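With the UniProt record's numbering, the residue at position 87 of the sequence shown is 87, and numbering never jumps. Heads up, the beta-carbon is just placed ideally off N, CA and C, and yes, glycines get one too. Every value quoted in this text rests on a predicted model; they were computed, and no experiment measured them. Working notes for the structure below.
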Amino acid sequence: MCRRDRAVVMVRERIFFAGGGTGGHLYPGLAIARAVVRLAPQVEPYFIGARRGIERDILPGTEFPHTLLELHPLYRRTPWNNWRTVVGAVSAWRAISSLARERAPRAVIGTGGYAAGVALAWGRMHGVPTMLHEPDSHPGLTTRAFAGGARAIYLGFPEAAQRLKIGSGAAVLPLGCPIEPPPVPPPARGAARAQWGLPEDALVVLVTGGSQGARAVNETVAAWIDLGLPDNVCLLWSTGRQQAAAWVDRESARVKVRPYLAPIADAYAAADIAVARAGAMSIAELCAWGIPALLVPLPTAAQDHQTYNARATAESGGAIHLPQRELTAARLDSEVRALLADPTRLAKMRAAMYARARPDAAHAIAQSILTQLNIATAADSPYFPS
């Protein structure tokens, strides 16, 4: 009598991750998805994004299956273009329905931005649990629109809760903004400074405007250098790739000009204070490293959310909010001198930044998602340095 063995094929449980448009709405989702897979390898994160967003360039290089759809934002300044938004939404709805017929999702996780809206609406219409991650202190339009029916809302800033109309059954958890946490142990300060050619006993100011740089910040820093840096102050200055050539002539023994900072851990380990934009991920990284900051919000950010981020961080004692309209070389010089002359204040600011830190955010959010969905986890290994 012959016996035929049958191969057992495990079908992974699928979770839709919807969001993008900008890195701030994509990278946290990728971090959460990777944490989900570490905890529950039987889960398959599936990303839904927009063809015109940053995800077009990023998702093909990741390990995750994904679909890019013809999604558009609301055109508030040119409302006659909103026909594109409507047509794109209808097409996206059909595509998401087709994906769900192949394998129904256990949940839809919205990570913000216009790319998340249709998938979240589809999930609500079909009785699929929806959850949201909102990185900013001022919630975006998508988060505000879908907060009422979400099963869980994960906040990068606890202050965001007061700006949301939350459903009675929703779990609201200020678990932070997922970032690459500091290594354990972190780089030694002396070794990190040597990596950049900076003296060990200097006072190091880290300047960064994000991956694309910040023209106003760069111009002010250049004017500050021309004005004359305080004694024993050195700059580690990330100009952004597009602007590096314009400022490379400011390089000196005390000023290190780079298009970007890699390895970033050595940059953070070397810094005493930072001058930075007020994006949620930037602030989360500064908090994780305990770096006091002068935060200069991008004035053109959607709904001025960077100003809300800067205010929240400043009100907690970890940063100084410096609006771009007030940013001058003289003001920057004055603020830095005042900080460096007051070690007690600087220590309190450092402690306040650490108090807001959530280096385990990706793991904590992933664990909560799986708990909400009653999905078993293979391991429990949170990142949290002792």
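When only Cα atoms are considered, Ala341 and Pro199 end up about 19 Å apart.
A distance below 9 Å separates the beta carbons of Ala107 and Arg151.
Residues Asp136 and His138 of the same chain have their beta carbon placed closer than 6 Å to that of His305, with the five preceding and five following residues left out of the count. Note: Phe16 is bridge-paired with Tyr46 and Val108 in the DSSP secondary-structure output.
The DSSP-derived three-state label of Glu134 is strand. If only uninterrupted beta strand (DSSP E) runs of at least 3 residues are considered, those enclosed by the segment 300-378 are 319-321.
With respect to the 9 Å criterion, His321 and Ala278 are classified as neighbours on the basis of their beta carbons. Counting along the chain, Arg258 sits inside the beta strand (DSSP E) bounded by residues Val255 to Arg258. DSSP, read as helix, strand or coil, puts Thr78 in coil.
With contacts defined as CB atoms closer than 9 Å, Ala274 and Leu206 qualify as a contacting pair.
Pairwise C-beta distances place the segment 252-262 out of contact with the segment 319-333, as fewer than three of them are shorter than 8 Å.
By DSSP's assignment, Ile273 forms a beta bridge with Val205. DSSP places Val233 in the uninterrupted beta strand (DSSP E) bounded by Val233 to Ser238. Residue environment analysis places Arg76 among the exposed positions, since fewer than 16 neighbouring C-beta atoms fall within 10 angstroms of its C-beta. For Ala192 and Pro186, the gap between their C-alpha atoms comes out near 10 Å.
For Leu155, the secondary structure class from DSSP, reduced to helix, strand or coil, is strand. In this structure, the alpha-carbon of Ala104 lies about 42 Å from that of Gly240. Using a Cβ distance threshold of 9 Å, Pro65 and Phe47 count as a contacting pair. If you check the CB distance, Met131 and Ile375 do not come in under 9 Å.
Comparing alpha-carbon positions, the option among Gly140, Asn218 and Gly112 lying closest to Ala246 turns out to be Asn218.
When Cβ pairs closer than 8 Å are counted between the two stretches, the segment 164-172 is seen not to touch the segment 92-102, the count staying below three. Of the residues Val128, Ala95 and Thr22, the one whose Cα lies closest to the Cα of Gly113 is Thr22. For His66, the beta-bridge partners assigned by DSSP are Phe47. Put simply, the backbone Cα of Ala216 is about 16 Å away from that of Val257. Beta-bridge pairing by DSSP links Leu26 to no other residue. Distance from the CA atom of Leu39 to the CA atom of Thr377, rounded to whole angstroms, is 5 Å. Within the same chain, Gly290 and Pro292 come within 7 Å of Arg350 by CB-CB distance, once the 5 residues on both sides are set aside.
For Val296, the secondary structure class from DSSP, reduced to helix, strand or coil, is coil. For Glu335 and Tyr308, the gap between their C-alpha atoms comes out near 20 Å. Each of Val43, Ile54, Phe146 and Arg56 was checked against the Cα of Trp122, and the nearest Cα belongs to Phe146. Annotation for Arg331: Leu322 place their beta carbon closer than 8 Å to its own, counting only its chain and skipping 5 residues before and after. CA-CA distance, Ile58 to Ala319, rounds to 31 Å. Ranking Gly156, Ala160 and Arg345 by CA distance to the CA of Pro178 puts Gly156 first. For Ala35, same chain residues with a beta-carbon under 6 Å away, outside a window of 5 residues either side, are Ala362, His363 and Ala366 in chain order. When DSSP states are grouped into helix, strand and coil, Ala246 belongs to the helix group. Under DSSP, Leu173 forms a beta bridge with Tyr154.
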